Amino acid sequence: MRYVLVNKPFEVLTQFTDENGRATLKDFVPVPGVYPVGRLDYDSEGLVLLTDDKGLQHRLSEPRYKVPKTYLAQVEGVPTEEALAQLRRGVDIKTSYTAPAEAELLAGPPAYLWERSKPIRFRAAIPTSWLKITISQGMNRQVRKMTAAVGFPTLRLIRTNIAHLPVDGLAPGQWRELTEAEAAKLRSAYSATKMPGERAIAPKSTTGATKAEASVKPAKPAGAGRSAGPKSAGAGSTGSRPAAGKGGRFSDSDKPKGRSGPKPTGGGAGRSSGAGGRSGGGRSAGR
Numbered sequence: 001m002r003y004v005l006v007n008k009p010f011e012v013l014t015q016f017t018d019e020n021g022r023a024t025l026k027d028f029v030p031v032p033g034v035y036p037v038g039r040l041d042y043d044s045e046g047l048v049l050l051t052d053d054k055g056l057q058h059r060l061s062e063p064r065y066k067v068p069k070t071y072l073a074q075v076e077g078v079p080t081e082e083a084l085a086q087l088r089r090g091v092d093i094k095t096s097y098t099a100p101a102e103a104e105l106l107a108g109p110p111a112y113l114w115e116r117s118k119p120i121r122f123r124a125a126i127p128t129s130w131l132k133i134t135i136s137q138g139m140n141r142q143v144r145k146m147t148a149a150v151g152f153p154t155l156r157l158i159r160t161n162i163a164h165l166p167v168d169g170l171a172p173g174q175w176r177e178l179t180e181a182e183a184a185k186l187r188s189a190y191s192a193t194k195m196p197g198e199r200a201i202a203p204k205s206t207t208g209a210t211k212a213e214a215s216v217k218p219a220k221p222a223g224a225g226r227s228a229g230p231k232s233a234g235a236g237s238t239g240s241r242p243a244a245g246k247g248g249r250f251s252d253s254d255k256p257k258g259r260s261g262p263k264p265t266g267g268g269a270g271r272s273s274g275a276g277g278r279s280g281g282g283r284s285a286g287r
């Protein structure tokens with residue numbers, strides 16, 4: 001398995017092909033057979049994880065597994081304490097309500113932060129500030145919608161961490177493979193057989209079947225001692241169709257015949273031989 005971290009530059013698609021000729025990850029990562037874990041918007045920058053581990057890729061991409069992702073957001077204005085409290089509680093972004101996030105106002109950008117290929121839009125009368133925000137939902141353009149909802153639109157957005165993996169040390173367009181220790185920690189945290197809140201999926205062979213149906217279906221092979229009802233005559237026999245009469249459990253219309261005397265032309269004998277030589281005209285085979 002391969003695990004690759006890449007620092008996606010601004011205005012690069014988080015995919016390997018584009019029919020419109022825009023820049024993609026293929027222009028930066030010459031590793032075949034790996035695919036992005038989730039997405040990062042065209043106008044956002046920062047960390048993207050690529051892997052050929054499909055199971056881990058699914059778990060890290062699914063919001064229900066709550067993988068933390070940390071962003072630096074350069075916003076217009078200086079967020080108030082009330083705005084930060086709203087982000088921490090969760091905000092209404094019109095289409096839905098976000099889960100609580102970690103939000104912190106920074107004194108400035110980190111020392112390792114690079115210059116963007118295209119400068120942001122500055123407004124002379126309005127200062128900008130930096131927020132550090134950690135979320136685990138991953139809704140479409142979530143961080144931008146969150147800061148706008150509390151009155152401070154995002155001007156620049158950089159993803160700095162996925163789980164415990166940092167972008168620090170990678171310049172825009174650079175990539176590296178995870179160390180064995182990093183990969184092992186990632187698999188240990190998110191490749192468990194069952195995650196909290198996860199429900200087992202029923203096998204396809206019994207999908208849509210009731211519990212009773214699921215228990216009856218395996219009982220069809222020879223030797224099964226139960227019948228699904230009058231319509232499934234013979235299900236309780238030893239697997240061979242009786243030579244005469246019905247095997248297995250009798251319906252109400254059959255019972256009088258089973259208690260009457262021998263039928264002409266050896267009907268009673270046919271019954272006992274068809275049930276594998278069992279006594280009682282085959283009555284015990286269906287119980």
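In full-length UniProt numbering, the protein residues as written are 1 to 287.
Note that beta-carbon positions come from the ideal geometry of N, C-alpha and C, so glycine has one too.
These numbers come from a predicted model, not from an experiment.
- Residue 53 sits buried, since 16 or more C-beta atoms from the chains shown fall within 10 Å of its C-beta.
- Distance between residue 151 and residue 83, taken at the CA atoms: about 8 Å.
- Taking C-beta atoms as the reference points, residue 70 and residue 134 count as a pair closer than 8 Å.
- Under the criterion of beta carbons closer than 8 Å, residue 144 and residue 160 do not qualify as touching, at roughly 16 Å.
- Residue 132 carries a strand assignment under DSSP once its states are collapsed to helix, strand and coil.
- Closest in alpha carbon position to residue 148, among 174, 77, 188, 43, is 77.
- Contact between residue 51 and residue 35 holds: CB atoms are separated by about 7 Å, below the 8 Å threshold.
- Bridge pairing for residue 158: 45, 72 [DSSP].
- The C-beta distance from residue 167 to residue 7 rounds to 5 Å, short enough to fall under 8 Å.
- Residue state for residue 87 is assigned as helix, using DSSP reduced to three classes.
- The beta carbon of residue 163 sits closer than 7 Å to the beta carbons of 67, 68, 186, 189 from its chain, once the five residues preceding and following it are set aside; these are given in chain order.
- When DSSP states are grouped into helix, strand and coil, residue 80 belongs to the coil group.
- A residue is called buried once 16 or more other Cβ atoms fall within 10 Å of its Cβ, and residue 86 is buried on that count.
- Counted as a single uninterrupted DSSP element, the stretch harbouring residue 185 is not any beta strand (DSSP E) but the alpha helix (DSSP H) occupying residues 180 to 190.
- Shown here for residue 128: same chain residues with a beta carbon closer than 8 Å to its own, the five before and five after excluded, namely 74, 75, 76, 77, 120, 122, 155 in chain order.
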